[in-house]
Amino acid sequence: MPVVLVTVARTWGSSPRPPGSLMAINGRGETVGSVSGGCIEDDLIHRIREGGVQAACASSTPVVLRYGISADEAHRFGLPCGGTVELVLEPVAPHSRLDELLQACLQRRSTERVLDLATGHVELRPGQRDGVPHVDDHQLVTYLGPQARLIVIGAGDLSRYLCEMALSVGFEVIVCDPREEQRASWSMPGVAVSHEMPDDLVQRLRPDARTAVVALTHDPKLDDLALIDALQSDAFYVGAIGSRRNSQHRRERLRTHFDIPEADLQRLHGPAGLYIGSKTPAEIALSILAEIVAVKNGVGIEAPVPVELGKSQLGTPSSAAEASCGLP
């Protein structure tokens, strides 16, 4: 069945989706992905249905479309004031090299994809996952890479909520717990479950710059060695839950007994998560994932609310704060 690949090439002003966003449309008008809030997708589907996907793919030549040139058009397509979106519609063909691109992503390799706008010819090169897409009169250059990955150490209620949320925002998720009694009743569609020792798993997977590692067991025998390996990897986020007091003890333990450099310890998020007054496992999972996503997206996290102030505002005694095994 013929398929058209639509890429956001560039934007002006405000735009619902950034450059590099993708959507595919097949001959039945079925879509995967998005390039706007919905109105542009509807118009694209209508255009392609009217002209026929087969006809659109016949020439194998990409087409450039621009939405939001006038204020009336921007309003019609639900674009923010002053927003303009330029799209490249690319008929999918063998020379699109999508199979090679998919294999590179599955092997966790980042790729620069160069599309010749005159011929539809594609060139693939090693590239940066977070490279900035750009387009000119001759070619469209995009950057694609491996799915963000989350390694969760410990199978339990908290990890169940965290994994469910992480899947919903597009992470590949792996749960590791060598304790059979914890692992036996733990399963979730779409989540790989490992019985390895956590440090063995971290060493085997060699976390890259698209990987986050978070320890949830409260057990130094399981957490510490895995955290050490993760801190010495390219993982963009390394965290562990626990009270403020236990988190400080963990840092001292890693510093004193394992000679972990201060620069590595500065990368350790502990207690993991943003302070939002979390009490339940679901709320703690939400705070952890929010911090992971913020770090992944390069969003600066402002200084957190002081723990004692936050606890007093919630009416929680300081003794209860120290007893907490989740977030402070």
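If you use the numbering used here, the sequence shown corresponds to residues 18 to 345, in order.
Heads up, the beta-carbon is just placed ideally off N, CA and C, and yes, glycines get one too.
Quantities reported herein were computed from a predicted structural model and do not represent experimental measurements.
Just so you know, the alpha carbons of isoleucine 305 and serine 176 end up roughly 10 Å apart.
Aspartate 217: member of the alpha helix (DSSP H) spanning 215–222, first to last residue. In terms of CA proximity to arginine 83, Asp60 leads the group Glu67, Asp60, Ser77.
Exposed is the label assigned to serine 202, since fewer than 16 other Cβ atoms lie within 10 Å of its Cβ.
Counting only residues of its own chain and dropping the five nearest sequence neighbours on each side, alanine 302 has a CB closer than 7 Å to the CB of Leu175, Tyr178, Leu179, Met182. Within the same chain, Cβ atoms closer than 6 Å to the Cβ of valine 80 are found at Leu106, the five residues on either side in sequence being excluded.
Here histidine 212 carries a coil assignment [DSSP, helix/strand/coil].
Look at aspartate 133 here: in three-state DSSP terms it is strand.
Assignment of histidine 112 by DSSP, reduced to helix, strand and coil, places it in the helix class.
When the Cα atoms are used, proline 195 and glutamate 67 turn out to be separated by approximately 57 Å. The alpha helix (DSSP H) runs of length 4 or more contained entirely in the segment 240–281 are, from start to end of the chain, 261–275. Distance from the Cα of phenylalanine 188 is smallest, within the candidate group Ala41, Thr28, Gly54, Ala307, for Ala307.
The C-alpha of alanine 41 is placed about 18 Å away from the C-alpha of glycine 162. Cβ contact annotation for proline 33 (same chain, cutoff 6 Å, sequence separation greater than five): Ser53, Gly54, in chain order.
Taking C-alpha positions only, cysteine 193 is separated from glutamine 220 by approximately 13 Å. A check of alpha carbon separations from isoleucine 57 across Trp29, Gly30, Thr101, Thr78 identifies Thr101 as the nearest. Along the length of the segment 135–200, whole beta strand (DSSP E) runs at least 3 residues long occupy 139–143, 156–161, 166–170, 189–193, reported in chain order. Leucine 82 carries a strand assignment under DSSP once its states are collapsed to helix, strand and coil. By DSSP's assignment, glycine 50 forms a beta bridge with Met40.
Around the CB of lysine 238, fewer than 16 other CB atoms lie within 10 Å, so the residue is classed as exposed.
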